[in-house]
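Chains as they are written, first to last, in our numbering: chain Y, 57 to 478; chain E, 57 to 478; chain S, 57 to 478; chain Z, 57 to 478. The C-beta atom is built at its ideal place from N, Cα and C for all residues, glycine as well.
Protein chains: 4
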Amino acid sequence: MDLFEKYESNVRGYIRSFPTIFVKAQNATMWDHTGKTYIDFFGGAGSLNYGHNDPAIKRAIIEYIERDGVTNALDKATDAKYHFIEKLQNTILKPRGLDYKIQFVGPTGTNAVETALKLARKVKQRSKIVAFTNAYHGHTLGALAVTGNEFYHDDYYGVPLNVTKMPFDNYFDSENQMDSIDMMRHYYEDASSGYEVPAGIIVETIQGEGGINIASVEWLKKLEKMCRDLDILLIVDDIQMGNGRTGNFFSFERAGIKPDIVTVSKSIGTGLPMAIVLMRPEIDQWSPGEHTGTFRGNSLAFVAGAKALERWDNDTFSKEILAKGAKVEQRMKAIAARFPQHIGDVRGLGMIWGIESPVEGFCGQISREGFERGLIAETAGATDQVIKFLAPLTISEAELDKGLDILEASITAAAAKHPINE
Amino acid sequence: MDLFEKYESNVRGYIRSFPTIFVKAQNATMWDHTGKTYIDFFGGAGSLNYGHNDPAIKRAIIEYIERDGVTNALDKATDAKYHFIEKLQNTILKPRGLDYKIQFVGPTGTNAVETALKLARKVKQRSKIVAFTNAYHGHTLGALAVTGNEFYHDDYYGVPLNVTKMPFDNYFDSENQMDSIDMMRHYYEDASSGYEVPAGIIVETIQGEGGINIASVEWLKKLEKMCRDLDILLIVDDIQMGNGRTGNFFSFERAGIKPDIVTVSKSIGTGLPMAIVLMRPEIDQWSPGEHTGTFRGNSLAFVAGAKALERWDNDTFSKEILAKGAKVEQRMKAIAARFPQHIGDVRGLGMIWGIESPVEGFCGQISREGFERGLIAETAGATDQVIKFLAPLTISEAELDKGLDILEASITAAAAKHPINE
Amino acid sequence: MDLFEKYESNVRGYIRSFPTIFVKAQNATMWDHTGKTYIDFFGGAGSLNYGHNDPAIKRAIIEYIERDGVTNALDKATDAKYHFIEKLQNTILKPRGLDYKIQFVGPTGTNAVETALKLARKVKQRSKIVAFTNAYHGHTLGALAVTGNEFYHDDYYGVPLNVTKMPFDNYFDSENQMDSIDMMRHYYEDASSGYEVPAGIIVETIQGEGGINIASVEWLKKLEKMCRDLDILLIVDDIQMGNGRTGNFFSFERAGIKPDIVTVSKSIGTGLPMAIVLMRPEIDQWSPGEHTGTFRGNSLAFVAGAKALERWDNDTFSKEILAKGAKVEQRMKAIAARFPQHIGDVRGLGMIWGIESPVEGFCGQISREGFERGLIAETAGATDQVIKFLAPLTISEAELDKGLDILEASITAAAAKHPINE
Amino acid sequence: MDLFEKYESNVRGYIRSFPTIFVKAQNATMWDHTGKTYIDFFGGAGSLNYGHNDPAIKRAIIEYIERDGVTNALDKATDAKYHFIEKLQNTILKPRGLDYKIQFVGPTGTNAVETALKLARKVKQRSKIVAFTNAYHGHTLGALAVTGNEFYHDDYYGVPLNVTKMPFDNYFDSENQMDSIDMMRHYYEDASSGYEVPAGIIVETIQGEGGINIASVEWLKKLEKMCRDLDILLIVDDIQMGNGRTGNFFSFERAGIKPDIVTVSKSIGTGLPMAIVLMRPEIDQWSPGEHTGTFRGNSLAFVAGAKALERWDNDTFSKEILAKGAKVEQRMKAIAARFPQHIGDVRGLGMIWGIESPVEGFCGQISREGFERGLIAETAGATDQVIKFLAPLTISEAELDKGLDILEASITAAAAKHPINE
C-alpha cells in the first residue's frame, strides 16, 4: 500500500475505507491479494448492477477484442455502437413508450449532467437551472453547481452560476412544511419574486449520495405537471438509480412520468466507462460536433452493455430484483428493531436501501466493522448518517445472506462501541 | 446508417465526415462493413498513438479479463492500478526527473482539465485562470471556459467565469506584435491594470484543435519563468500532444520546462477511457474524496496503459517517431510546393503535422476526397483551415506511404475543385 | 411638453402619469404651470416627508448659500457636515441607544445599498446576500441583484450574482406556509442543502414598492435572532420607510431590533440628494477612500437635514404622524367597505398605506382619475395592484381631507369604469 | 475634528489629507474655521469647474427657492428641468451637431456609468463591455467592474462580470507595443480567440484618476472607426474631463469623434448632485421607468447648471481656459526643469495637468506641503505617482499665480525631504 500513499494524490478516498489490494472479483464477491473475500454491498456505487465479471459479458468483450473490433472510434459508426443502439431502443425504450434520441457523451456521469444542462439552457434560451437540496450530480464545474454538499465546493472555484436550489420532497421534515412544488409555482408566477423560470429542473427520483431520500410518486407527478404547465424541461438524473436499481429499468417508471431529458451512466456499460443522454427528439437541437469528447465511442462498453440489456428481454430480472429487495428490507428492519436507539430509519425501494442513524460516527463504524468481517459497504448523506446498500442486482442468494449476516454482526459490534448514555 | 440518423442525437459529428460503419481495425488500418480499408491519419484524435489493437496490449487485456481481474474499482486499490503507477513512475517520471503525484480522475480529458483548474484555484486561493487564444481544453463548463472557439459557447450556458484569454505565441502574426508574456507581466505588476494575478496558466505547447500552432521553446521558457516569478501555477494540457506525439513522452520536454500540473489522457489508456493529472507533491492539497467520479478505476485501461509504456523502456520508439515524422514533413512540403496557391503553410513536429490553406473549404474537401480514396484525415482550426496528421505513432512504413500517397491524390483532386482565379 | 418628448429619454416615467409642468410647491400642495393645484399623496416617493419647501428649512439653506458656505466638499470636513453629524447623533441615534457610525455615500439610495452589501461581504468574507421576494433596493447592478421585479432585469446585464431570494413574511399567503426564517435556518444548518450562510440579509421592514407588505414584529425579531445565532449581518433598508414614515424615526423601532447596518436616504436630506449608511462601529472596517464618490458632501442637504431633525427634539411630531395615519386608515377602510369587489385589502402603518385591488388595471385608473381631480398618487406592486399613500408627514389637516376626498371620488369613478361582471 | 473621528466611518478620505474644517469658499479660494485660506487646485475632483459660489449661480438658486420652486420632482416635469434641457440642447448639443437624447439618472457619476452599461447591453443584447487599464468609472458593482484599481476590489464583492480590460493608448510604454485597437480587432475577427464582440467600449479620453493619461487623437479616431465597423457602441465617460476641462465642452471634441453614449456629471450641476446620460436617439430603447431613482429631479442643480451653461454662449470661456492652461503648463515645465530627478513627466491639456514623479511618496509629500502652505492639491494614479491640477476653470489670475507659487514651494520642500541618492 506504500506505493499508493507515495505516488497517488491525497484525493484518493475509498482506498482509505477499504485498505487492501483487490485482485479478483466474481458477481458480488471480491478477493484481495491475501486471498480474503468480501461481499460487495457497494457495487461500484451503482456501476456494477450486473455484478463483477459476468461470464456472458466477459465472453462478448473478449470475442470483440479478439476479432480486432474497433475499440475507440470517437463518434464514428461501429458495429458495436449499432448493436447497442438497436438493443437499447428495442428492449428498453420502445416497450416503455419512450421516444428518445440517444447522445453518447464523454463516459462519465458528470459529463452526461453537463450535457443535459447545456442542452436545456440552449434549447430554452434561459440560464437558470433548478436543483434540489442534497442533490449529487458530479464534480465538473457545471455539474458541481447543481451538487449540494459544500464539502465539494470552494469559494475560488467560482460561484455556482445560474442555479437555484429548491427543497427536495419532504426536505423540511416538519408538519407544516410547504410543498416545494407549490413554492416554485408561486415564485415563477410572481414577476416580482426574484425567481426566474428556469430552463430545466434536474432531479434524482431517489437521492443516493444525499442519503437515500425517496421522492414520492405524488411529488414526482406534480413536478412533471408544473414543468409542463410552465414550459420547463424536466431532467431526471438516473445515473445511480437507473439500470434496474429500483426494480424497473428507469427509476422514474414507478411514478409514470416521462422526463424530457434523462442522464444514464454507471451500469449502462456494466462498469466500463460509458454515459448517455436521452432526450425527446424535439429537444435534440444540437449542431453537429457542438458537444464532443474523445471517449464517446468506448466500444467495449457498448458490447458489454448490449449483452447486459438482454436481461431485460422479459420480466424475470425485474422480479428477482424485487424479491431480493424484499429480503433486504425484512432483514434490515429486523436489525433496526434490535437497535432502536442507534437506528432511526430504514428506507429504500427495490435494491437500494439505507439505514440511517442519529448517532454521530455510527455508520462509519459499521463500514469499518464490515470491512474487517468481509463486507464492502459505504456511507451516504452529508454527515455520513446513512449506511448504504447498493449490491449488484445479480447477487446470489448465498452472497446476499452472507452479506446481511456480516452487516448485522457489524452493526452489533458498532453499537457496542457507541453505547447510548441516557 | 439509418439507425444512427433516426436514433442518435444530431450532435454526432465524425460519422458525418466518415459515413460508414467500421468493424475492424489493426494498427493504422481500418475496415468498414463492406470490407473497404482506410489508412487512419486521425488516430482517435490522439488516443491511438499505439495503434489499433496492438497484439501485446490485446493479450494483456484478455488475460486480465479471463482471470476475473476487477474491472471497475472506483478508487479502491487493485493490482492493475498498482502496476500502472509503478510503470509510469519508473519508466516515465523518474528518468525525466519529474517528481509528480498522480491523480486518477474521471476518464475524460475535460475532467482532467477541470481537476487541474479546481486544484490550482484551491491551492492559490485565487479565482482567475489564464488560457490562450485558440485553446481547446474540453466541453464541461469549467473546461469550456478556457476553450476559445465560440462555436462551443452559448450565452445561456453562463459566462466563462474567471478566465482571462491571452494571445498564444505569435498569435498576432505581425512584425510589431508584443510578446504576450511581456504583456501579462506588465498587467500583473500594475495594480491598476484591471488584471489580477491568476491562480494558474493553462497551455498546450502545441495547439492541436486550434490549428497546429506551435509555441516556441523560448516562449515556453519565458512563460515558465514568469510563472515562477509571480507565483503562478503552470499547467500544461498534454492531452493531445503528450504520450509521445512530439517524439518525447511529454510535449514540454523539448522546452526543458517542468510544469506544476500536467493533464494527460487519450493515449495514456491506449484508447480505453482514462485520464490522469500529474502534480508536484506540494500542490497535492486535496482532501480525501474531494474530487471523485465513478470510472476513475478503469482497470482495462490501466492494464493496457502499463503494457504500452513498455515501449518507453529505451529510446527506440522515440527515434522511430522522429524518423517517421521526418518523412511526413518531407512529403508534405513537396506536396505544398506543387500547390503554392492552395497551401499556405506546412508545420509540425515529431508526428503532429498540419497543412494550412488560405482557400476556404479546401481542407474540408481534402478530407472528403481522402475518405473516398481510403484515408481518414480531419481538419483543425477555427475555420477548418488546416488538415491534420495524427496517425498512430506505430504506423508501419507501408501504411504511412500509402496514406501519404492518398493524401497527395486527395489534395490534387481538391485543388482541381478549388481553382484559383487570379 | 413637446420638449420633454423630443429630448428626454423614453425612460421618463412619472411625467407620463402626471403629464403637466409643475412650477411651485408648498407642503403637500403642488401647482402646475396653468395654476391648477394638486394634493401630493406621493411625497417624492418618500423623500418629502417634511413637505415641499418648509419655511424653516428654506431659510437655513438660503442663509448657508448667502454666506458662501462650501456647497460641495467631497468628504472634506465642513461646518455643515459637522452640525448634521452632531444633530443626528444627539437627537436620533443616542436617545434610541443606537451606537452607529455614519458613512456618507453617493447621494442615492442605490449607492447606500451597494455600500452596505459591499461592506457586509468584505467584513464577513462571504459572497452571498439574502434578499426577499418583492424587494426593491435600487438599479445599479449590485442593488439590482437584490431587487425582485423582473421588469428591471435583462439577461444581458449579467446574472444577479451571489444573491439568494427568500420569501418575505407571509409571502405564500397560504395556511400551511412555512415560516421563511425556519426555512433559512434549516438550509444553513444543513451542509448539503446547497445554501451557504450569507454575509448579510437585507430587508425592508415594510416593502413599499413591493406593494406595502408589512413584516410582522414577530418575524422581524425572529430574523434578528437567526442573524445573531448564525453570525449573519442584518441590514435594514430604511430608505423609504425610515425618516418617520411609520411614526418612529426608524421603521424597525416597532420591532425592537437593532440592525447591524441601516441604509438611509430620501427624506434624510428633505428631498435634496443625500444618502448615508449607519453601521455598528465594529463593522466599520473600511480602508480610507475605499468607497468614494463626488457628491458625498452635499452641504445644502446637510443643512436642510439638520434643520429637519429638530422636529424630533420631542415626541410631538411622532404623535401627529400617528394621528394623521389613524385618519387615513379610517377613511380608507370606509371607502373599501363601499367597494368590496374592487378593493381586496387596506393595509398600512403610521403614514404608509396601500389599497389593494384584485381588479386588473383598477389602481392605475384611480391614479389617472386622481390626477384629473387634483391628486398625485401612484401605484405599487409588481402588477400595480396597490394604490399607495405616501403624503408628506407634515401635510395639513385641510390638505389631507381634500386629498382623501379626491381619492374617494377617484375610486368611485374608477369603479364605474371597471364594472364587476358576475 | 474629534467628532468626525468618533462618528464618521473610517472610509473618510480627503478629510485625512486636508485635516481642517472648511466654512467658506469663493471661486478658487477656501477658508477654514481658523480663517486660514487655501487655493483650491482640486476643484471638487472636477465638480467645481465654475468655481465655488459663483454669484450669478447663487442668485439663481436662491430665487428659485424663494419662489417655492419644486426642489425634488422625481422625473415629473418642472420648469427648472424644462429650462435646463432647452439650454443644454441649444447652447451645447445643437451647435456641436450632437443629436442626443438626455436621460436624467441618479445624481452620481457611477449611476450614469451603470445606466450607460445597462443600456448598451440591453440594446446590443450582448453581455461584454470593454474598459481600459487604469480606468476609473465608479464604485457601485456594475461601474466597479470597469474600474481598474484593485484597491477598490474585494474577492467577495463578486467577480467583475462580463468586462474585458484592454490596454489604454500607449499603455505598455515600449517601442514594440502593439496598438490596442489592432489587438481588439484581431481578437474580434477571430472566432476562436476567446474574445466576444462587446456591446460597448467605455473610455475616458483622458484618464484623470488613472494618472492623467491622454489618449491621442489618432487612437480615439481609430477606436471610433473600429466600433463602427464591428457594430460596437462607443461610450465616452466624460464625467471628469467634460464640462470644459479640456477647453472644449466635451473632452472628445478635440478628436472629432461622436460617441454613441456620453456620461456627464460633476460640474454639469456646478457641484450640486446631478448626472445625465446622452445617447443617440436610436439607442434610446428604454421602457418607461426601466431605470429609475429618487433624486433624478434635483431642481437646484438644474437651475444652477442652466445658469452655468450661459458661459458657453460664445467662445470667450473656452479661450480663457486655454490661456490659463498655457500658463499652468509653462510654470509646471519650468518647475520640472528644476527637479529633473524628482519629476519624470509633465502632461496635460486645457486645464487638466499632472506632474509625475518616479520617486515613491514624493507626490503625497507635495500634497502635504501644499496643505500646510495653503494649497489643496491631490495625487492621482495607482501608486499616487502624479500630482493633479484640477482647479476651477474660473480661477482668477491672482489665485492661479498664488497657487502655482505655493505648488513650486511645496515641490521644493518635498524634494528636500526626498533627496536622490545616486
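Local Cβ density within 10 Å of residue i, reported as buried at 16 or more and exposed below that
{"i": "S:Arg-72", "result": "exposed"}
{"i": "E:Ala-360", "result": "buried"}
{"i": "Z:Asn-477", "result": "exposed"}
{"i": "Y:Arg-394", "result": "exposed"}
{"i": "S:Gln-145", "result": "buried"}
{"i": "S:Ala-390", "result": "exposed"}
{"i": "Y:Asn-174", "result": "Strictly speaking, residue 174 of chain Y in this sequence is Lys, with Asn absent from that position. Under this definition Y:Lys-174 is a buried residue."}
{"i": "Z:Arg-367", "result": "buried"}
{"i": "Z:Glu-122", "result": "exposed"}
{"i": "Z:Gly-214", "result": "buried"}
Cβ distance (whole Å) where residue i is taken to contact residue j below 8 Å
{"i": "Y:Leu-328", "j": "Y:Ala-362", "result": "Not quite, the Cβ-Cβ distance comes to about 12 Å (not below 8 Å), so this is no contact."}
{"i": "Z:Lys-80", "j": "S:Asp-124", "result": "5 Å"}
{"i": "S:His-474", "j": "S:Phe-418", "result": "5 Å"}
{"i": "S:Met-234", "j": "Y:Phe-228", "result": "6 Å"}
{"i": "Z:Met-330", "j": "Z:Ser-321", "result": "7 Å"}
{"i": "S:Gln-159", "j": "Z:Ser-65", "result": "4 Å"}
{"i": "S:Val-374", "j": "S:Gly-303", "result": "In the sequence as displayed, the identity of residue 374 of chain S is Ser instead of Val. About 6 Å separates the two Cβ atoms, so the contact holds."}
Proximity below 8 Å, CB of residue i to CB of residue j
{"i": "Y:Ala-469", "j": "Y:Glu-416", "result": "no"}
{"i": "E:Gly-353", "j": "E:Lys-137", "result": "yes"}
{"i": "S:Glu-434", "j": "S:Phe-60", "result": "no"}
{"i": "Z:Leu-378", "j": "Z:Thr-147", "result": "no"}
{"i": "S:Ala-112", "j": "S:Pro-448", "result": "no"}
{"i": "Z:Gly-345", "j": "S:Thr-164", "result": "no"}
{"i": "E:Ala-191", "j": "E:Ile-185", "result": "no"}
{"i": "Y:Asn-109", "j": "Y:Gln-82", "result": "yes"}
{"i": "Z:Val-273", "j": "Z:Arg-310", "result": "yes"}
{"i": "S:Thr-326", "j": "S:Val-292", "result": "no"}
{"i": "E:Asp-131", "j": "Y:Gly-69", "result": "yes"}
{"i": "Y:Leu-276", "j": "Y:Ile-313", "result": "yes"}
{"i": "E:Ala-168", "j": "E:Ile-332", "result": "yes"}
{"i": "Z:Asp-225", "j": "Z:Ala-271", "result": "yes"}
{"i": "Z:Gly-266", "j": "E:Ser-248", "result": "yes"}
{"i": "S:Gly-430", "j": "S:Gly-406", "result": "no"}
{"i": "E:Asp-88", "j": "E:Thr-76", "result": "yes"}
{"i": "S:Gln-341", "j": "S:Val-161", "result": "no"}
{"i": "Y:Thr-196", "j": "E:Thr-196", "result": "yes"}
- Does the count of Cβ pairs from the stretch 192-208 of chain Z and the stretch 205-220 of chain E closer than 8 Å reach three? The stretch 192-208 of chain Z vs the stretch 205-220 of chain E: no contact.
- What are the uninterrupted segments assigned as beta strand (DSSP E) that are 3 or more residues long and contained completely in the stretch 413-448 of chain S, given in chain order? The DSSP assignment places 442-445 as complete runs of the beta strand (DSSP E) inside the stretch 413-448 of chain S, in order along the chain (cut-off: 3 residues).
- Message: My parser needs the alpha helix (DSSP H) runs of 4 or more residues fully inside the stretch 317-370 of chain Z; what are they?
- Response: The alpha helix (DSSP H) runs lying completely inside the stretch 317-370 of chain Z and spanning 4 residues or more are 355-365, given in chain order.
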